[in-house]
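Its first residue numbered 23, the sequence shown is counted upward by one per residue in my numbering.
Data first, discussion second: the structure below is written as structure tokens.
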Amino acid sequence: MKTEMLVPRLNTNDDEVDVVHWYVEDKEFVEKGKEIVDLESSKAVVSVESEASGYILKHSQVGDSQKVGAPLATFYSELSELEKALSGGGDTQTLASPSTETQVAATAISGVGPAQMVGNDFSTPVTAPGSRLQPVGQQQPAELEVKENQKSFDFTRFSPAAKKYIERNNIDSNRFQGMGLVSVEVVERALGLKPSITTPVSSSQLSTQTVGLNTPVFEQSTPTNPALRSEKLGKAKQLEISLLTAGQAGNINSSLTVQFNSAGIRQTLEELGSLNGQILPLILFELSRLLEEFPVFTAYYEGGQIYYYDQVNIGLAMDLGKGLKVPVVHNANLLSPAELLEAVTDYATRYLENRLSVEELLGGTITISDLSNENILHFQPLINQNQSVILGIGGDSSLDGYPMSLTLVFDHRVSAGREVAQFLNNLKQRLLSYELTNLPATESVAKTKNVQCSKCLIDLNSLYQNFGRDALMQVHIDEQGNTAYICHVCAAGL
Numbered sequence: 023m024k025t026e027m028l029v030p031r032l033n034t035n036d037d038e039v040d041v042v043h044w045y046v047e048d049k050e051f052v053e054k055g056k057e058i059v060d061l062e063s064s065k066a067v068v069s070v071e072s073e074a075s076g077y078i079l080k081h082s083q084v085g086d087s088q089k090v091g092a093p094l095a096t097f098y099s100e101l102s103e104l105e106k107a108l109s110g111g112g113d114t115q116t117l118a119s120p121s122t123e124t125q126v127a128a129t130a131i132s133g134v135g136p137a138q139m140v141g142n143d144f145s146t147p148v149t150a151p152g153s154r155l156q157p158v159g160q161q162q163p164a165e166l167e168v169k170e171n172q173k174s175f176d177f178t179r180f181s182p183a184a185k186k187y188i189e190r191n192n193i194d195s196n197r198f199q200g201m202g203l204v205s206v207e208v209v210e211r212a213l214g215l216k217p218s219i220t221t222p223v224s225s226s227q228l229s230t231q232t233v234g235l236n237t238p239v240f241e242q243s244t245p246t247n248p249a250l251r252s253e254k255l256g257k258a259k260q261l262e263i264s265l266l267t268a269g270q271a272g273n274i275n276s277s278l279t280v281q282f283n284s285a286g287i288r289q290t291l292e293e294l295g296s297l298n299g300q301i302l303p304l305i306l307f308e309l310s311r312l313l314e315e316f317p318v319f320t321a322y323y324e325g326g327q328i329y330y331y332d333q334v335n336i337g338l339a340m341d342l343g344k345g346l347k348v349p350v351v352h353n354a355n356l357l358s359p360a361e362l363l364e365a366v367t368d369y370a371t372r373y374l375e376n377r378l379s380v381e382e383l384l385g386g387t388i389t390i391s392d393l394s395n396e397n398i399l400h401f402q403p404l405i406n407q408n409q410s411v412i413l414g415i416g417g418d419s420s421l422d423g424y425p426m427s428l429t430l431v432f433d434h435r436v437s438a439g440r441e442v443a444q445f446l447n448n449l450k451q452r453l454l455s456y457e458l459t460n461l462p463a464t465e466s467v468a469k470t471k472n473v474q475c476s477k478c479l480i481d482l483n484s485l486y487q488n489f490g491r492d493a494l495m496q497v498h499i500d501e502q503g504n505t506a507y508i509c510h511v512c513a514a515g516l
């Protein structure tokens, strides 16, 4: 007996994935739950597990593009069955597992009319002046025909919502035979009530054109040097190009930079045994709190209006050798420095293991790009789509004082240079407040867990329990020249 495993849907807007890496070879026995292949959507690379046990026969090679719902691999209970299948013959059972059954839809279906794309979602299709979309029951039969080239599956399964939709609108279900898993969206796209989903062409034929403000599209073009060696762009890179192109389209971008020496801050972190000596979580902590005072930096311009997210969701531009990904720390302004360090570390680990989910790559309201560990002191990153600023963090450990820079690239349609300058200088001063100065060389600084206010004697844990993210314990030198700590309440004289 043999069982087919279908290509899963990794992302709502992708009807095709690229095969990045196979972990198994043909005729190898595979246990259920074993990682067998890495598939790349426009959002992320995902390691897919086997959903059956048996001897495997792969249906694609590395670099191939596979339609969602197409056969990914076949599992045979006996090796002899596989050998027989290679020579012809054998029965097949199609596997649609719980992890893919509710997600796998038909391949891209040709719809009618162009569509605008905002972010990664398609909005209402554009229709001719005076025209309008009518309910299914009011359309003419000819307008409800499903083209034969849309039927590419040997099975048909309707979702519960699709069944109700079809019954409510008196649609003949036989029209969708051979279309795989049929959802309400598939029905509407097939009947032309929603625009079709399209996939960008290969990189050898890519040229970028911008439609409106936020709708980058790819069109075919003739290579200028067809004799040169070329390679196909991955789907994630294609999406990156689209988002960055849309982010620059129509923008009036400018940038401002501040610079400071970070050696003193790093000394503080090391002396206190805090944050593993890493400065990035501290920057994220102060940045996220400061953004509450500057909501314009978590907003964007579109169609003559400024839209405010009113949320501090920080996207972390991350490239550790497997392509650029931007996981998002949601509600970063509610997290402590230690929690931010944990979030960054967790994202980096799961990036390397191809375990970042699509949901974790969505919803960013501002992005940061940190090249300080690469000894790049100054650079200017590109603003993402539906955002108006991006913060570039630079640094150079080879220079005295370990200088760092904060560069804010901003859309002049949303913000102005004066408030950007105020924001950057404020952030810089917040970071420098952690710098220890005039510390006696022989003095041992207390570890974070033993810190308490020298005035009211409240310890750090109690302070955070009472005041949450507003808590602050400052380091100072007392009248005897010793290192001491004072809480923000006592420092304010309250």
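Even glycine gets a Cβ: it sits at the ideal position worked out from N, Cα and C.
Minimum Cα-Cα distance from TYR330 among the listed residues ALA370, GLN402 and SER410 corresponds to SER410. The C-alpha of GLY423 is placed about 60 Å away from the C-alpha of ARG211. Judged by DSSP in its simplified three-state form, LEU61 adopts strand. Counting C-beta atoms within 10 angstroms of its own C-beta, ASP492 has fewer than 16 neighbours from the protein chains shown and is therefore classed as exposed.
THR367 has no beta-bridge partner at all, per DSSP. Secondary structure at LEU430: strand, using DSSP grouped into helix, strand and coil.
At a cut-off of 3 residues, the continuous stretches assigned as beta strand (DSSP E) that sit fully inside the region 324-361 are 327-330 and 336-339. In this structure, the CA atom of VAL208 is about 41 Å from the CA atom of SER437. Pairing LEU291 with GLY299 gives a Cβ-Cβ distance under 8 Å. Residue pairing for HIS400: DSSP places it in no beta bridge. Around the Cβ of GLU381, a 10 Å sphere holds fewer than 16 other Cβ atoms; the residue is exposed.
Closest by C-alpha distance to GLN496, out of ASN283, VAL366, THR371 and CYS512, is CYS512. CA-CA distance, ILE480 to GLY417, rounds to 36 Å. By alpha-carbon distance to ILE287, the top candidate from PHE401, GLY386, LEU454 and TYR45 is LEU454. When secondary structure is reduced to three states using DSSP, ILE480 falls in the coil class, being assigned neither helix nor strand. The region 367-386 makes no contact with the region 70-84: fewer than 3 CB pairs, one atom from each, lie closer than 8 Å.
Taken through DSSP and simplified to helix, strand or coil, SER284 comes out as coil. The beta carbon of THR96 sits closer than 6 Å to those of LYS24, GLU26 and LEU79, all from its chain and outside the five residues before and after it, given in chain order. The beta-carbon distance between ASP86 and GLU62, rounded to whole angstroms, is 11 Å. This is too long to meet the 8 Å contact definition. DSSP places LEU104 inside the alpha helix (DSSP H), whose first and last residues are 101-108.
Annotation for GLY386: ASN335, GLY337 and VAL350 place their beta carbon closer than 6 Å to its own, counting only its chain and skipping 5 residues before and after.
The region 395-411 and the region 366-373 do not touch, with fewer than three beta-carbon pairs separated by less than 8 Å. Taking every protein chain shown into account, the CB of SER64 has 16 or more other CB atoms within 10 angstroms, so this residue is buried. SER420 sits exposed, since fewer than 16 C-beta atoms from the chains shown fall within 10 Å of its C-beta.
Short of 7 Å from the beta carbon of VAL366, and not among the five residues preceding or following it, lie these beta carbons of its own chain, in chain order: LEU302, PRO303 and LEU338.
Secondary structure of ARG377 (DSSP, three-state): coil. DSSP places GLN444 in the uninterrupted alpha helix (DSSP H) bounded by 439-454.
Leaving aside the five residues that flank ALA506 on each side, the residues in its chain whose CB is nearer than 8 Å to its CB run, in chain order, SER476, VAL497, HIS498, ILE499 and ASP500.
When DSSP states are grouped into helix, strand and coil, GLU71 belongs to the strand group. In the three-state reduction of the DSSP assignment, PHE316 falls in the coil class.
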